[in-house]
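Asker:
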Amino acid sequence: LVGRHRSDRVETKRPNRNRISRDDRASQSRMYAFCFTIPYGFILALGGVIAFFTRGSQESLFAGVISGAIMMWMGTLSIECYKKGDSYSQHNFISMITSGTITVSHT
4 LVGRHRSDRV
14 ETKRPNRNRI
24 SRDDRASQSR
34 MYAFCFTIPY
44 GFILALGGVI
54 AFFTRGSQES
64 LFAGVISGAI
74 MMWMGTLSIE
84 CYKKGDSYSQ
94 HNFISMITSG
104 TITVSHT
C-alpha cells in the first residue's frame, strides 16, 4: 500500500437490495375494485342497521342492507372472475350504478 494513492483504489459497488425495479413496483401496487367493494358494502349495510335502531327508519334499513348486499355480492363475484382470469367489468359497472343510486337518492 506504500506509494498508492487514495484515488487508485478500485471500489466495488454493492448491489442495492432494497431497490425495487419499476416492474416490481407496478406488480406490487395494484389495487382492484373488489378491495373496496366488499368493505363498502359492509359499511352500507351496517349504516342501514344503525339508522334503523337510532331513528327507526325502515327506509334506511332496506336501502342500506339491500345496497350493501348488492355491493358485497358484486365484490365476491369480481373476486371469482379475477381468480379465473375472466373480465369482471360488468360487476364493477353494477357496483357503480348501485353506489351512484345511493348518492343521488340521498342528496
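Take the sequence shown: its position 31, counted from the start at 1, is 34 in my numbering, and no numbers get skipped. All residues carry an ideal CB built from backbone N, CA and C; glycine is no exception.
Could you tell me the distance, in whole angstroms, from the CA atom of Y91 to the CA atom of A54?
Answerer: Taking the straight line joining both Cα atoms gives about 32 Å.
Asker: Going by C-alpha to C-alpha distance, which of S108, V107, T106, S98 sits closest to T40?
Answerer: Closest option to T40, Cα to Cα, is S98.
Asker: Taking just the CA atoms, how far does M34 sit from H94?
Answerer: Taken atom to atom, the span from the alpha-carbon of H94 to that of M34 is near 16 Å.
Asker: For G125, which residues in the same chain have their Cβ closer than 8 Å to its Cβ, ignoring the five residues on either side in sequence?
Answerer: No answer is possible for residue 125: it lies beyond the span of the chain, which begins at 4 and ends at 110.
Asker: Quick one: give me the first and last residue of the alpha helix (DSSP H) that S63 is part of.
Answerer: 61 to 87
Asker: What number of angstroms, rounded off, separates the C-alpha of G51 from the C-alpha of V107?
Answerer: Roughly 17 Å separates the two Cα atoms.
Asker: Near G44, which residues of its chain fall below 6 Å by C-beta distance, leaving aside the five closest residues on each side in sequence?
Answerer: So the list reads G71, M74, M75, once near-sequence residues are dropped.
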